[in-house]
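In terms of numbering that gives the first Met the number 0, the sequence shown has 50 at position 51, counting the first letter as 1, and numbering is strictly consecutive.
Don't be surprised by glycine CBs; every beta carbon is placed ideally from N, CA and C.
These numbers were taken from a predicted model, which means no experiment stands behind them.
Working notes, structure below.
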Amino acid sequence: MTKFNVEPLRDDLSFGSTIRGVKWATLEDESERQRLRDLFKDRGLLVFKDLEPSAKMQVALSKVFGPLKDHPTKTTPRDEETSDEEHGVIDMHYDPNSKGGPYDGGLVRIDGEVLTRYSPWHFDHCYNDELNYAGVLRCPVSPPEKGRTGFMDGIE
């Protein structure tokens, strides 16, 4: 059995936890899977540190919280590592060298600064017939500067 460690996301927040030490063996242990589900219900936002950075691990972790839902737009590229074997794993990135195709575009200018893939507000699967219970976001390549992702939760 591989246990994981839990810390507050920040001392000034009543929600959110940082999770360290999740391994494949952790996800095979039902008591640890239940512990993750309980933490999600209690804390709302879980940030996993030092997790294997593969799409297959992302899928395994996602399945702890329920079955995957496929992304409803077929034009959104699927992750190459899992391809069609797993519904719902999409690939969203910006390649400044790519012209045309699904990775081109998305540039916006805000306060004189050019940003890519800017989305001031996003709510996963809000247009489906049922809401998404949980979403697992993975950043396999972090931008060298100004990479920002904000999270909101209904707890606070």
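*Starting from the Cα of T74, find the closest Cα among K62, V58 and I89 and give me that residue.*
As a first step, residue 74 must be located in the sequence shown, where it is residue number 75. Selected option, being the one with the closest Cα: I89.
*Where does V58 land, buried or exposed, given buried means 16+ other C-beta within 10 angstroms?*
Residue 58 sits at position 59 when you count from the first residue of the sequence shown. The residue in question, V58, is buried, as its Cβ has 16 or more Cβ neighbours within 10 Å.
*Indicate whether L44 and G20 have their beta-carbon atoms separated by less than 8 Å.*
Within the sequence shown, numbered from 1, the residue matching residue 44 stands at position 45. Within the sequence shown, numbered from 1, the residue matching residue 20 stands at position 21. No, they are not a contact pair.
*Span separating the alpha-carbon of K2 from that of L130*: Stepping through the sequence shown from its first residue, residue 2 is reached at position 3. Stepping through the sequence shown from its first residue, residue 130 is reached at position 131. Their Cα atoms are separated by approximately 30 Å.
*Got a sec, what are the start and stop residues for the beta strand (DSSP E) S16 sits in?*
For the purposes of this step, residue 16 is taken as the residue at position 17 of the sequence shown. Element bounds for S16: S16 to R19.
*When DSSP labels each residue in this structure, what does V88 get in the three-state scheme?*
For the purposes of this step, residue 88 is taken as residue 89 along the sequence shown, with counting starting at 1. DSSP places V88 in coil when its eight states are reduced to three.
*Would you call the CB atoms of V46 and T25 closer than 8 Å?*
Here residue 46 corresponds to residue number 47 of the sequence shown, with the count starting at 1. Here residue 25 corresponds to residue number 26 of the sequence shown, with the count starting at 1. Cβ distance not < 8 Å, so V46 and T25 don't count as in contact.
*From S30, R42 and H70, residue whose alpha carbon lies closest to that of D128*: Against the sequence shown, residue 128 aligns to sequence position 129. It is H70.
*Rank D11, A54 and R9 by C-alpha distance to the C-alpha of W23 and give the top, closest one.*
Counted from its first residue, the sequence shown places residue 23 at position 24. Ranking D11, A54 and R9 by Cα distance to W23 puts A54 first.
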